[in-house]
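Novice:
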Amino acid sequence: MLKSKPSAEISPERLAQAGAAVADLAHLAKNLLQVLSGCGEIIDLAIKTNQFDRVRQAWQLHQPSFQRLKKFQLDLIKYTKSYPLNIEPCDLSLVFTSASKQLEPFFSKRSVRFSLTGADTPATVNADSEKLRDAVVNLLITAVDNLQDEPGQITLGISLSDTGDAIRITVSDTGPRLDNETCNDLLSPLERYRNMLGTGLEIPLAKQIIEAHHGTLMINTDDNSCNTLTLTLPVT
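All residue numbers for the sequence shown refer to the numbering used here, where the first residue is 49 and numbers rise by one.
1. Between T169, V283, E250 and P282, which lies nearest to I267 when the distance is taken from Cα to Cα?
2. Using the Cβ count rule (16 or more neighbours within 10 Å means buried), how would you classify G223?
3. Is the separation between the beta-carbon of L208 and that of T169 shorter than 9 angstroms?
4. Helix, strand or coil: which one does DSSP assign to Q201?
5. Who pairs with L289 in a beta bridge, going by DSSP?
6. Between which two residues does the beta strand (DSSP E) holding D139 run?
7. Roughly how far, in whole angstroms, is the beta-carbon of I257 from the beta-carbon of L180, given that I think they are within contact range, below 8 angstroms?
8. Round the Cβ separation of R116 and L80 to the nearest angstrom and send it over; I've been treating them as touching at under 8 angstroms.
9. Cβ of L279 within 9 angstroms of Cβ of T190?
10. For D221, write down the residues that DSSP places opposite it in a beta bridge.
11. Nearest-angstrom Cα distance between T230 and F100?
12. Can you tell me which residues form a DSSP beta bridge with N174?
13. Compare the Cα-Cα distances from N232 to each of L204, T247, M244 and L265 and report the closest residue.
14. Which one or two residues does DSSP pair with A214 in a beta bridge?
15. Would you check if the distance between the CB atom of A194 and the CB atom of L226 is smaller than 9 angstroms?
16. Would you call the CB atoms of Y127 and L253 closer than 9 angstroms?
17. So for R240, helix, strand or coil by DSSP?
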């Protein structure tokens with residue numbers, strides 16, 4: 049399958065969004081660069097003095113910071129550029145399997161229990177499977193960050209709407225319930241705390257993807273005590 053290319057032109061609205069995102073998350077990039085710089089200095093000195101235990105310790109700090117900075121760069125590109133959709137029949141169960149597998153190392157490291165519900169729900173839609181996978185990954189990352197670096201439960205669910213004309217995808221977590229203000233803030237680039245897994249662009253990116261598929265994204269619109277991110281996609 050041919051990869052879609054971004055539009056050559058960037059609209060003024062998207063340029064404004066990019067500027068706002070960079071301004072809001074500039075301190076994130078600065079903090080990550082400081083960590084990488086510090087790790088580089090430690091590794092350089094440790095190699096010169098044959099202190100390889102310190103090299104290993106610094107490398108353990110370097111790698112997650114590097115990966116997060118890399119994700120921030122890629123997320124910012126996706127946030128500002130317009131990519132056409134590659135629409136084709138999409139098996140959502142395969143999307144879920146791929147997305148959850150990507151997060152398995154982080155679930156394990158942070159003692160997060162993961163479960164999938166509604167796997168037997170007929171779930172084939174006409175969609176861009178790669179972009180839907182990105183959206184689900186971003187919701188799972190948000191759920192991990194909702195746990196605030198504490199052990200907890202994350203549940204990925206799928207169900208048909210009561211009318212049968214839409215598929216509902218939910219990502220729930222057992223972290224502290226987010227208030228309405230925080231839920232609204234998440235719709236824009238936002239770094240919530242220093243050690244978060246994500247870049248702060250997860251929800252804005254997921255929202256862009258779902259709305260491009262004529263769907264909706266909602267945060268904590270139910271009365272449950274847990275946090276629930278809900279995607280609704282039309283069945284076509």
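Even for Gly, the Cβ is constructed at its ideal location relative to N, Cα and C.
Specialist: Reading it off the structure:
1. E250
2. buried
3. yes
4. For Q201, the three-state secondary structure derived from DSSP is strand.
5. Because the chain is modelled from 49 through 284, residue 289 falls outside the range shown and cannot be assessed.
6. E136 to D139
7. 7 angstroms
8. 6 angstroms
9. no
10. Its beta-bridge partners are I202 and N275.
11. Cα to Cα, T230 sits roughly 43 angstroms from F100.
12. Beta-bridge pairing links N174 to P137.
13. L265
14. P282
15. At residue 194 the sequence reads Asn, which differs from the Ala that was named. Cβ atoms of N194 and L226: closer than 9 angstroms.
16. yes
17. coil
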